[in-house]
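Quick note on the working numbering: the sequence shown kicks off at 4 and runs consecutively.
Just so you know, even glycine gets a beta-carbon here, dropped at the ideal spot from N, CA and C.
As the structure is a computational prediction, the values presented were derived from the model and not from experiment.
This report concerns only the one structure given below.
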Amino acid sequence: MRSDDIAVVTKLVWADQYCLAKLQDVCVRTFKQPTDIKALKQTEEYKNLSDTTKAALLEKIFKLL
4 MRSDDIAVVT
14 KLVWADQYCL
24 AKLQDVCVRT
34 FKQPTDIKAL
44 KQTEEYKNLS
54 DTTKAALLEK
64 IFKLL
């Protein structure tokens, strides 16, 4: 599941759209700082993510704190 040419946010959108749980997990694990996820929130792609994916990102923030 390595594809460094594709942005993590793009892979996260694909994982969300096509219900690819394993890809979603890989993408969420790439975030190492809460600021990384906060930066993601500023993107246009974030607005199109499902509530389930947003909840996974929130859970990741809690684990990082």
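Check: State the DSSP-derived secondary structure class of Y21, mapped to helix, strand or coil.; Outcome: coil
Check: Check each candidate in P37, V11, D28 and L15 and name the one with the smallest Cα separation from L68.; Outcome: P37
Check: Can you give me the Cβ contacts of A59 inside the same chain, cut-off strictly under 6 Å, excluding the 5 residues immediately before and after it?; Outcome: V31
Check: Are the beta-carbon atoms belonging to T56 and L15 less than 8 Å from one another?; Outcome: yes
Check: For a test of the three-state rule: what should DSSP assign to T46, helix, strand or coil?; Outcome: coil
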